Structure formats: structure tokens, C-alpha cells
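Each residue of the sequence shown is one higher than the one before, counting from 177 in the working numbering.
Comments concern the structure below.
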Amino acid sequence: MAYRTRIFFTERQKAEIWDRWQRGESMSSIGRVFDRGSSSIYPLLERSGGIRPAARTRSRLALTLAEREEISRGLVAKHSLRSIARGLGRAPSTISREVRRNSGIQQYRAAISDARAWERARRPKPCKLVGNDYLCRMISTKLQRKWSPQQIAGWLMREHPDDEGKRISHETIYRSLFIQTRGVLKKELQAHLRATRSIRRSRHATLKRTGLGKFNDAVSIRDRPADIEDRAVPGHWEGDLIAGSKNSFIATLVERNTRFVMLAKVSNKDSHSVIQALIKQSRKLPKELYRSLTWDRGTEMAGHKAFTLATDIDVFLCEPHSPWQRGTNENTNRLLRQYFPKGTDLSIHSQAKLSAVARQLNERPRKTLGYQTPAERFNACVAAIR
Numbered sequence: 177m178a179y180r181t182r183i184f185f186t187e188r189q190k191a192e193i194w195d196r197w198q199r200g201e202s203m204s205s206i207g208r209v210f211d212r213g214s215s216s217i218y219p220l221l222e223r224s225g226g227i228r229p230a231a232r233t234r235s236r237l238a239l240t241l242a243e244r245e246e247i248s249r250g251l252v253a254k255h256s257l258r259s260i261a262r263g264l265g266r267a268p269s270t271i272s273r274e275v276r277r278n279s280g281i282q283q284y285r286a287a288i289s290d291a292r293a294w295e296r297a298r299r300p301k302p303c304k305l306v307g308n309d310y311l312c313r314m315i316s317t318k319l320q321r322k323w324s325p326q327q328i329a330g331w332l333m334r335e336h337p338d339d340e341g342k343r344i345s346h347e348t349i350y351r352s353l354f355i356q357t358r359g360v361l362k363k364e365l366q367a368h369l370r371a372t373r374s375i376r377r378s379r380h381a382t383l384k385r386t387g388l389g390k391f392n393d394a395v396s397i398r399d400r401p402a403d404i405e406d407r408a409v410p411g412h413w414e415g416d417l418i419a420g421s422k423n424s425f426i427a428t429l430v431e432r433n434t435r436f437v438m439l440a441k442v443s444n445k446d447s448h449s450v451i452q453a454l455i456k457q458s459r460k461l462p463k464e465l466y467r468s469l470t471w472d473r474g475t476e477m478a479g480h481k482a483f484t485l486a487t488d489i490d491v492f493l494c495e496p497h498s499p500w501q502r503g504t505n506e507n508t509n510r511l512l513r514q515y516f517p518k519g520t521d522l523s524i525h526s527q528a529k530l531s532a533v534a535r536q537l538n539e540r541p542r543k544t545l546g547y548q549t550p551a552e553r554f555n556a557c558v559a560a561i562r
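The structure is reproduced here in C-alpha cells:
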């Protein structure tokens with residue numbers, strides 16, 4: 177049986193791999209560029225958790241290869257260390273240390289010494305979390321409550337605006353989770369992130385959606401009033417279904433102004449089941465806080481006129497294949513996948529369970545709300561109409 181020779185990537189090839197990864201290409205497509213499978217690309221990316229290492233640069237004070245070659249020539253010519261140092265404009269102690277740590281006067285070699293110095297210079301700056309028990313404890317606690325690193329960082333900044341030692345960036349949290357050599361956050365905490373990957377994925381990577389159903393008797397999103405479009409007033413919602421195995425679904429609703437989330441259990445994807453579930457959910461809110469609903473053109477909304485007739489809530493439908501037109505709901509569905517992973521049976525969850533998940537999501541601070549929670553914003557709207 178013939179075996180393929182092991183591949184060693186050059187620095188230029190490694191840079192190209194990282195460029196492609198950051199642009200959102202898959203490991204399989206990157207591997208094809210080098211005539212290799214994804215298994216050849218993964219080890220390079222996995223070493224730093226999918227996060228590109230910072231480019232290394234030499235200190236302007238360090239000896240250069242040209243200076244080391246001058247040292248080597250001076251030693252061969254049997255010049256003293258002081259005279260070599262004088263010719264280079266360096267301190268004699270600098271030349272003495274350089275020669276001593278690189279095999280001495282008789283065996284000193286410039287290229288080998290330069291390579292050794294480059295390797296010895298790998299001294300990463302200690303992570304801010306090292307020795308900071310407060311930050312490690314708070315980050316671990318919030319991650320276990322399904323908070324994202326960005327939410328944690330924003331909350332810490334809000335809680336400790338004047339204490340630099342109790343604040344940290346979300347990027348540092350991500351790096352500490354995915355680069356385990358830092359040794360500050362346990363790898364098990366990765367399981368509490370929304371995307372449970374072993375390495376971090378580029379923000380440019382995308383997932384494709386299947387086509388949406390079609391029907392004509394709809395009020396287009398293009399006819400939606402301006403006060404809905406600019407989120408100026410509360411009471412306007414976006415909705416969709418998230419799907420699970422065994423033909424199971426959950427209806428998701430999010431209020432555009434406050435990002436308040438509601439979840440409804442549906443028995444099936446047929447229009448009658450979905451419309452009845454939405455009607456029931458709408459009766460839990462004051463009329464002033466449920467004025468319109470924006471949905472995609474899935475077949476489950478074929479009975480939207482019956483919904484409007486029963487609730488007096490206007491329904492606007494997105495253009496075909498345009499999920500970004502209800503982006504607030506799309507983002508919310510991505511958050512909900514942390515609780516309801518793809519491929520799992522959603523029918524096992526009771527309405528009480530769905531309400532508990534919605535409550536937990538509504539109690540998480542949001543960057544777009546200035547790190548207030550959707551519950552705080554929504555409750556303020558409820559109080560304002562009473």
C-alpha cells in the first residue's frame with residue numbers, strides 16, 4: 177500500500193491558509209488548493225484554536241543576522257570580543273553573552289545562532305486572566321448561564337467602569353477558551369458557547385438556507401410603515417419557525433424595539449397549527465405591544481389573513497429568499513440554537529420549558545441595548561402604557 181509523504185507547509189503557505197480561513201473558506205476547500213484533505217489543514221488551525229497567531233517581529237534592539245555574521249568573521253580572524261563590539265557599536269557584554277550562549281568562540285555560527293535567538297524569543301505576554309480569580313470566576317459563571325463573551329465583557333464594563341482589573345475584552349475570553357495553552361479557562365466551558373465548535377470559525381463563514389414557500393395574497397414588507405422600519409416604537413414583531421428532527425418545530429417571536437423574545441409550541445408546520453399557536457400567544461400581551469408581525473413566505477403563513485382577522489394584528493411578509501429582512505429574528509434564532517441544537521427533537525419541550533428558555537434569553541444583557549436586558553426594556557414599555 178502506497179502512503180503519501182507527510183506535508184510540511186512553508187511560512188508563505190501557512191499565511192495563505194490563514195488568509196483563506198479568515199475569509200470563511202472551509203478546510204476542505206483550503207486543502208484542495210494544496211492537493212490535501214481537510215485533515216492536513218486542521219492541525220495547523222487547531223494549535224491556536226482557529227485564531228490566527230499574531231505576526232512575530234524582531235525587536236529593534238536585538239542583534240541582526242548581519243551583525244552575527246560580523247561576529248563570526250571577527251572570531252575566525254581572532255579579534256577580541258571588545259574589538260568586535262566596538263566595530264558593531266555594541267556593548268562588549270552583549271557580544272560576550274551572544275557567543276557564550278551559542279556554543280562559544282570555537283563553534284559559533286551566525287545562521288544557527290540567529291535561528292536559536294528567534295526560537296528563544298517566543299515569550300508570550302501573560303494573559304490578563306492569569307491570577308485574576310474574580311474574572312475567571314465571573315466568566316465561568318456567566319458562560320454556564322449561556323451568556324456570550326461579548327455580553328460578559330459588556331456587563332463587566334457596566335458593573336466596573338472605573339476598575340480596569342475587573343474588566344476584560346470579549347476577544348480575550350474567546351482566546352482563553354480556544355487557546356488552551358493559556359491555562360486559565362477550562363475547555364469544557366466551550367460547550368456553553370452558542371456555536372459548540374472545537375476551533376473558532378471565521379465570521380465570514382455562512383450557512384445556506386433551503387427555499388421558502390410561495391403564495392401571492394400577501395402584504396409585502398415593502399409596504400410596512402416607516403415607524404416600524406426604524407424601530408421607533410415598540411409593538412412590532414418578527415417571527416419564524418425553527419425546525420428539529422421528527423418534523424418538530426417551535427415558533428419564535430422577537431419584538432424589534434426591545435428584542436424581547438417569546439416562544440410558542442406548535443404541533444406541526446401546517447398553517448392551521450401555526451396560526452392557532454400565534455393567536456394564543458398574542459393574547460398574552462397588551463394590544464398596544466402587539467401591532468404587527470413580519471414573517472417570511474413559508475407555507476405556514478398561508479393563513480395569515482385568519483390571524484389578522486382574529487387578532488387585528490397586521491402581517492407583513494418578506495421577499496422570497498430574503499431572511500435578512502427580518503434580521504432581528506434571524507439573530508434570535510441563532511441564539512436559540514444554543515438551547516435547541518439542530519437535529520434534536522423539539523416536540524419533547526413543553527410550553528413551560530419554552531417560556532423558561534425565553535425568560536433566560538430575555539434576562540441576558542444585549543450590546544445593542546447598551547447592555548440592558550430585553551426584559552428591562554419591555555417591562556418599561558408595559559409600565560408606560562398602564
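Every residue, glycine too, gets a C-beta built ideally from N, C-alpha and C.
Since this is a predicted model, take the numbers as computed values, not measurements.
Using three-state DSSP, classify Phe436 as helix, strand or coil. Here Phe436 carries a coil assignment [DSSP, helix/strand/coil].
Evaluate Leu485 with the Cβ neighbour count: other Cβ atoms within 10 Å of its Cβ, from every protein chain shown; 16 or more gives buried, anything less gives exposed. Counting every other CB atom within 10 Å of its CB across the protein chains shown gives Leu485 a total below 16, marking it as exposed.
Run of the alpha helix (DSSP H) containing Ile315, from where it starts to where it stops: Run containing Ile315: Asp309 to Gln320, per the alpha helix (DSSP H) assignment.
Taking the C-alpha atoms as reference points, what is the distance between Pro496 and Asp399? In this structure, the CA atom of Pro496 is about 15 Å from the CA atom of Asp399.
Name the DSSP beta bridge partners of Ile404, please? None, per the DSSP bridge assignment.
For Leu530, which option in Met438, Glu364, Thr348 and Ser458 has the closest C-alpha, if you only look at C-alpha atoms? For Leu530, the nearest C-alpha among the options comes from Met438.
I'd like the list of long-range same chain contacts for Phe492, defined as Cβ closer than 6 Å, with 5 residues on each side in sequence excluded. Same-chain partners within the cutoff: Val395, Ile397, Arg400 and Thr470.
Express the C-alpha separation of Phe184 and Leu241 in angstroms, rounding to a whole number. In this structure, the CA atom of Leu241 is about 25 Å from the CA atom of Phe184.
Exposed or buried, what is Lys363 when buried is set at 16 or more other beta-carbons lying within 10 Å of its beta-carbon? Classification of Lys363: exposed, given that the 10 Å Cβ count is below 16.
Please tell me whether Ile404 and Asn509 are closer than 8 Å, where the distance is taken between their beta carbons. No, Cβ-Cβ distance for Ile404 and Asn509 is not below 8 Å.
Return the chain-ordered list of same chain residues with a C-beta closer than 7 Å to the C-beta of Gly389, the five sequence neighbours on each side being excluded. Any answer about Gly389 is weak, because its pLDDT of 45 lies below 50 and its placement is not dependable; what the coordinates show is given next. Excluding sequence neighbours, Gly389 sits near Arg473, Gly474 and Thr475.
How many angstroms separate the CA atom of Ile193 from the CA atom of Pro325? Roughly 26 Å between the two C-alpha positions.
Have a look at the DSSP bridge pairing and note the partners of Gln548. DSSP output for Gln548 lists Arg542 as bridge partner(s).
Just list the residues that DSSP pairs Thr428 with in beta bridges. Answer is Asp416 and Leu439.
Examine the Cβ distances between the segment 314-330 and the segment 279-286 and report whether three or more of them are shorter than 8 Å. With a cut-off of 8 Å, the segment 279-286 and the segment 314-330 do not count as touching, because too few Cβ pairs lie within range.
Inter-residue spacing [alpha-carbon to alpha-carbon] between Ile411 and Arg208: Note on identity: in this sequence residue 411 is Gly, with Ile being the wrong assignment. When rounded, the separation of the alpha-carbon atoms in Gly411 and Arg208 is 50 Å.
Does the beta-carbon distance from Ser289 to Arg244 come in below 8 Å? Taking 8 Å as the Cβ cut-off, Ser289 and Arg244 qualify as a contacting pair.
Candidates Leu264, Val450 and Leu512: closest to Glu246 by CA position: Checked all of Leu264, Val450 and Leu512; the closest Cα to Glu246 is Leu264.
Can you tell me whether Gly546 is buried or exposed? The criterion is at least 16 other CB atoms within 10 Å of its CB, across all chains shown. Around the beta-carbon of Gly546, fewer than 16 other beta-carbon atoms lie within 10 Å, marking it exposed.
Suppose you measure from the CA of Pro550 to the CA of Ile451; what does that come to, to the nearest Å? Cα to Cα, the separation comes out at about 25 Å.
Taking the C-alpha atoms as reference points, what is the distance between Arg313 and Asn505? A direct Cα-to-Cα measurement between Arg313 and Asn505 gives close to 32 Å.
What distance in whole Å lies between the Cβ atoms of Leu361 and Leu305, which are believed to be in contact at a cut-off of 8 Å? A Cβ-Cβ distance of about 7 Å is found for the pair Leu305 and Leu361, placing them in contact under the 8 Å criterion.
Arg273 versus Ala293: straight-line alpha-carbon distance, rounded: Looking at the two C-alpha atoms, the distance is approximately 12 Å.
Just to confirm the assignment, what range does the alpha helix (DSSP H) spanning Thr520 have? For Thr520, there is no enclosing alpha helix (DSSP H), as DSSP marks it with neither H nor E.
According to DSSP, Arg490 sits in a beta bridge with which residue or residues? Here residue 490 is Asp; the residue named in the question, Arg, does not match the sequence. Beta-bridge pairing links Asp490 to Ser468.
Do you know how far the Cα of Ala482 is from the Cα of Leu221? Rounded to whole angstroms, Leu221 to Ala482 spans 52 Å at the Cα level.
Based on the DSSP output, what are the partners of Thr396 in its beta bridges? The question names Thr, but residue 396 in the sequence shown is Ser. Paired residue(s): Leu493.
What first and last residue would you give for the alpha helix (DSSP H) that runs through Pro325? Per DSSP, Pro325 belongs to the alpha helix (DSSP H) from Pro325 to Glu335.
Rounded to the nearest angstrom, what separates Leu512 and Arg296 at their Cα positions? Straight-line Cα distance between these residues: approximately 46 Å.
Is Thr544 buried or exposed, if buried means 16 or more other CB atoms sit within 10 Å of its CB? So Thr544 ends up on the exposed side.
Once you ignore the five residues that flank Asp309 on each side, which residues in its own chain have a CB closer than 7 Å to its CB? Once the five neighbours on either side are set aside, Asp309 has no close Cβ partner at all.
Can you tell me whether DSSP reads Arg196 as helix, strand or coil? The answer is helix: DSSP assigns Arg196 an H, G or I state.
Quick check: the Cα distance between Asn488 and Glu414, rounded to an integer number of angstroms? It is Asp, not Asn, that sits at residue 488 in the sequence shown. In a straight line, the C-alpha of Asp488 is about 16 Å away from that of Glu414.
So the alpha helix (DSSP H) Met203 belongs to, where does it begin and stop? First-last of the alpha helix (DSSP H) with Met203: Met203 to Val209.
Give me the Cα-Cα distance between Val275 and Arg228, rounded to the nearest whole angstrom. In a straight line, the C-alpha of Val275 is about 35 Å away from that of Arg228.
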